[in-house]
Amino acid sequence: MKRLLLTAALLTAFAAPLAAAPVTYKIDPNHTEVTAQWSHFGFSNPIAHFGDVEGAITYDPDNVGQSSVEVTLPLSGLEAHVPAFNEHLRSDDFFDAANHPQVTFKSTRVEAAGEGKLRVIGDLTIRGVTKEVVLDTTINKVGEQPMAKRPAAGFDATTTVKRTDFGLGLYAPNVSDEVQIRITTEAVVPKPDAAE
Numbered sequence: 000m001k002r003l004l005l006t007a008a009l010l011t012a013f014a015a016p017l018a019a020a021p022v023t024y025k026i027d028p029n030h031t032e033v034t035a036q037w038s039h040f041g042f043s044n045p046i047a048h049f050g051d052v053e054g055a056i057t058y059d060p061d062n063v064g065q066s067s068v069e070v071t072l073p074l075s076g077l078e079a080h081v082p083a084f085n086e087h088l089r090s091d092d093f094f095d096a097a098n099h100p101q102v103t104f105k106s107t108r109v110e111a112a113g114e115g116k117l118r119v120i121g122d123l124t125i126r127g128v129t130k131e132v133v134l135d136t137t138i139n140k141v142g143e144q145p146m147a148k149r150p151a152a153g154f155d156a157t158t159t160v161k162r163t164d165f166g167l168g169l170y171a172p173n174v175s176d177e178v179q180i181r182i183t184t185e186a187v188v189p190k191p192d193a194a195e
């Protein structure tokens with residue numbers, strides 16, 4: 000009888016579906032957009048775009064706590080659509096790109112936040128200052144990317160940060176201290192030879 004029970008237990012264990020392992024995706028800069036928007040004296044709400052996004056997303060749908068995000072935004076890709084304004088944003092008045100050429104985000108934990116939703120908590124570093132931020136995240140889609148023929152994942156996320164927390168407070172509060180960050184990203188599992 001003991002042998003029968005042991006055999007049944009082993010068969011049940013092997014028959015049970017294995018939990019999916021976390022999958023790491025490389026961010027596709029061609030299908031990723033990071034924007035910052037603020038109020039300019041209450042008259043308008045300009046937008047700056049951060050291009051050339053680099054990074055990786057590890058996502059585990061069965062255990063979201065094992066997920067992670069690491070992103071780099073080179074300030075060389077900052078685009079506010081006016082060349083003089085681009086240079087002003089990169090200057091010491093704001094990002095000081097000569098000494099701090101990139102913005103980085105590295106998650107410290109990921110939490111489920113309801114159906115198709117996540118909270119990604121992590122360290123945002125701007126101009127050498129690191130602060131914790133929370134990204135309210137929507138899972139857009141996880142599946143095969145039909146053109147790349149590889150697994151892919153897409154997410155949207157939002158957060159609000161204060162410029163003064165990072166030493167970028169020039170003209171605050173007339174130019175709003177609070178800046179809304181919006182992110183949409185598509186990430187794809189790299190090819191085995193990592194040739195992208």
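According to numbering that gives the first Met the number 0, the sequence shown is numbered sequentially starting from 0. Positions of the beta carbon are idealized from the N, C-alpha and C atoms, including for glycine.
HIS48 to LEU74 span [Cα, whole Å]: 10 Å
Helix, strand or coil at ALA97 according to DSSP, with G and I counted as helix: coil
C-beta contact flag for THR157 and GLU177 at 7 Å: no
Expected contact under 8 Å - CB spacing of ALA171 and THR163 to nearest Å: 6 Å
C-alpha distance - VAL109 paired with LYS130, whole-angstrom precision: Cα to Cα, the separation comes out at about 16 Å.
Segments of 3+ residues assigned as beta strand (DSSP E) that fall wholly inside the segment 107–183: Secondary structure remark: continuous beta strand (DSSP E) runs of at least 3 residues inside the segment 107–183, in chain order: 116–125, 128–144, 149–161.
7 Å Cβ cutoff met for PHE165 and THR136: no
Sheet register partners of HIS48 (DSSP bridge): THR34, GLU78
ALA147 versus LEU169, LEU167, VAL188, residue with shortest Cα-Cα distance: VAL188
Contacts around THR57, its chain only, beta-carbon distance under 6 Å, and the 5 residues preceding and following it disregarded: PRO21, THR23, SER66, SER67
Cα-Cα separation between LEU169 and PRO100, rounded to whole angstroms: 19 Å
Spatial distance of LEU10 from ALA186 (CA atoms): With a pLDDT of 42 at LEU10, under the threshold of 50, the modelled position of this residue cannot be trusted, and the question is left open.
Beta carbon of LEU123 nearer than 7 Å to that of VAL133: no
Reduced DSSP category for ALA55 - H, G, I as helix; E, B as strand; rest coil: Three-state result, ALA55: strand.
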